[in-house]
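Protein chains: 2
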Amino acid sequence: MNNKNAVERIEYELTTFIRRAVYIDNSENKIGNLERASYLILRQLDEFGPARVKKLAESFKLDISTLSRQAGALEGKGLIERSSDPSDGRVSLFTITELGREKLKADKKTRLARYQKMLETWTNEEKELFGELLERMNDVF
Amino acid sequence: MNNKNAVERIEYELTTFIRRAVYIDNSENKIGNLERASYLILRQLDEFGPARVKKLAESFKLDISTLSRQAGALEGKGLIERSSDPSDGRVSLFTITELGREKLKADKKTRLARYQKMLETWTNEEKELFGELLERMNDVF
DNA sequence: ATTATATATTTGTATTATACAAGCATATAG
DNA sequence: CTATATGCTTGTATAATACAAATATATAAT
Numbered sequence: 811m812n813n814k815n816a817v818e819r820i821e822y823e824l825t826t827f828i829r830r831a832v833y834i835d836n837s838e839n840k841i842g843n844l845e846r847a848s849y850l851i852l853r854q855l856d857e858f859g860p861a862r863v864k865k866l867a868e869s870f871k872l873d874i875s876t877l878s879r880q881a882g883a884l885e886g887k888g889l890i891e892r893s894s895d896p897s898d899g900r901v902s903l904f905t906i907t908e909l910g911r912e913k914l915k916a917d918k919k920t921r922l923a924r925y926q927k928m929l930e931t932w933t934n935e936e937k938e939l940f941g942e943l944l945e946r947m948n949d950v951f
Numbered sequence: 811m812n813n814k815n816a817v818e819r820i821e822y823e824l825t826t827f828i829r830r831a832v833y834i835d836n837s838e839n840k841i842g843n844l845e846r847a848s849y850l851i852l853r854q855l856d857e858f859g860p861a862r863v864k865k866l867a868e869s870f871k872l873d874i875s876t877l878s879r880q881a882g883a884l885e886g887k888g889l890i891e892r893s894s895d896p897s898d899g900r901v902s903l904f905t906i907t908e909l910g911r912e913k914l915k916a917d918k919k920t921r922l923a924r925y926q927k928m929l930e931t932w933t934n935e936e937k938e939l940f941g942e943l944l945e946r947m948n949d950v951f
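Line by line, the protein sequences give chains G and E.
So the first sequence is numbered by this note's numbering: it starts at 811 and just counts up by one.
So the second sequence is numbered by this note's numbering: it starts at 811 and just counts up by one.
Printed below as a string of structure tokens:
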């Protein structure tokens, strides 16, 4: 039963956390749209290199049409760049631009600062452990 | 720098987790609408007792009008019940119904099962520690 | 080679969640 | 007893999304 209680607590806290995080995302994204999606797209392209629409859609488990529009919006803002795959004319490959990298960096900084502050009373050990546990959870999610 | 790395990892993993969790929520909520919101509302009413629209809106950091509609929908499904505050005729107090409790229980079961499975290889100690850390994080969030 | 089928993406349309503003009912203050 | 404040609901606009249709290109079958 202790196990159940622990899992219950985890479920409770994660659910609570998600609600708040989504709120923060939404409230900060008042300026224009997309902020929420764009961070993830930029991060993905920065980390794993150029990707096409289908790939991005799969990464985020969103419909291809949705990613098509989001990528189009990011392209319009000059944060990512479209190039065609020489071996397949149907495919658009998206690459993060220098501007996109800057924006990603700035966004990340803001987000990190928030977490930094949230966890300022934690010891390094605790933070490391927490990160490890989160990573393990995501690996099987 | 180690500290920064740990926080970076936490930020990365939590962001990833949120994306996936929101996806799951959305995909399960195809049936009708509201599942996402309703779980939280029911949980809130079950845990803290009757509440009025304004209170619920504050809890979830959503606009009052949004909560008004969500509560209306839950009321329509018989999951919560409206009563007026005898001391103030403007206020509607919402209470979870027996049916609502059953639905909450069922939803919770599904969610717990998912977490249970996700964490099945963890030791009890790890689960407990993880829950504790999550709670601490939420407390300052 | 020519046509049929499959795949990648974009664009059209509908739905849902949400916020903000206006309206309505009820309280409270002057 | 009127004026103002409060609580909620309803009207309207916007954004994110999915699904379906359209378009372009590639691959397979004859």
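Just so it is clear, CB atoms sit at the ideal spot from N, CA and C, and this is done for glycine as well.
Chain E within 7 Å of residue i, Cβ atoms only
i	result
I820/G	yes
I906/G	no
N843/G	In this prediction, N843/G has a pLDDT of 40, which is less than 50 and means its spatial position is unreliable; nothing more can be read from the coordinates.
T933/G	no
K826/G	One detail in the question is off: residue 826/G reads as Thr in this sequence, not Lys. So yes, T826/G belongs to the interface.
R846/G	no
K840/G	With a pLDDT of only 48 at K840/G, under the threshold of 50, the placement of this residue in the model should not be trusted, and no figure is reported.
A916/G	no
E945/G	yes
Alpha-carbon spacing of residue i relative to residue j, whole angstroms
i	j	result
M851/G	R911/E	Note that residue 851/G corresponds to Ile in the displayed sequence, not to Met. About 39 Å.
I841/G	K887/G	Legend: pLDDT at I841/G = 41, less than 50; position of this residue unreliable, value from coordinates given subsequently. One C-alpha to the other measures close to 13 Å.
L889/E	R846/E	14 Å
D856/E	E821/G	16 Å
T933/E	E823/E	20 Å
L914/E	Y849/E	6 Å
T907/E	F858/E	14 Å
E818/E	T825/E	10 Å
E938/E	R853/E	22 Å
N843/G	L866/G	Because the pLDDT of N843/G is 40, which lies under 50, any placement of that residue in the model is unreliable, and the question is left without a value.
S875/E	N836/E	21 Å
Residue i, buried or exposed, once every other Cβ within 10 Å from all chains shown has been counted against 16
i	result
S893/G	exposed
F940/G	buried
A916/E	exposed
S897/E	exposed
R862/G	buried
F870/G	buried
Y833/G	exposed
K864/G	exposed
L909/G	exposed
K814/G	exposed
F827/E	buried
F951/E	exposed
Proximity test, Cβ basis, 7 Å: residue i and chain G
i	result
E823/E	yes
K937/E	yes
F940/E	yes
K871/E	yes
T920/E	no
Q953/E	One cannot answer for residue 953/E here, as it falls past the ends of chain E, which runs 811 to 951.
V817/E	yes
V950/E	yes
A861/E	no
A758/E	There is simply no residue 758/E to check, as chain E begins at 811 and stops at 951 in what is shown.
E912/E	no
L889/E	no
L866/E	no
Residue i CB to nearest heavy atom of the ligand SAH below 6 Å
i	result
L922/E	With respect to the ligand SAH, the structure shown offers nothing to examine, as it has no ligands at all.
Whole beta strand (DSSP E) elements within the region 896 to 921 of chain G, 3-residue minimum = Qualifying beta strand (DSSP E) stretches, in chain order: 898 to 906.
Within the region 860 to 902 of chain E, ranges of the alpha helix (DSSP H) (whole runs, at least 4 residues) = Listed in chain order, they are 863 to 870 and 874 to 886.
message = Three Cβ pairs or more, each shorter than 8 Å: is that satisfied between the region 875 to 889 of chain E and the region 917 to 925 of chain E?
response = The region 875 to 889 of chain E vs the region 917 to 925 of chain E: no contact.
query = Are the region 940 to 950 of chain E and the region 928 to 937 of chain G touching, with three or more C-beta to C-beta distances below 8 Å?
reply = Contact between the region 940 to 950 of chain E and the region 928 to 937 of chain G is present: 3 or more CB-CB pairs across the two stretches fall below 8 Å.
ask   = Fully enclosed by the region 817 to 847 of chain E, which alpha helix (DSSP H) runs are 4 residues long or longer?
value = With a minimum length of 4 residues, no continuous alpha helix (DSSP H) run stays inside the region 817 to 847 of chain E.
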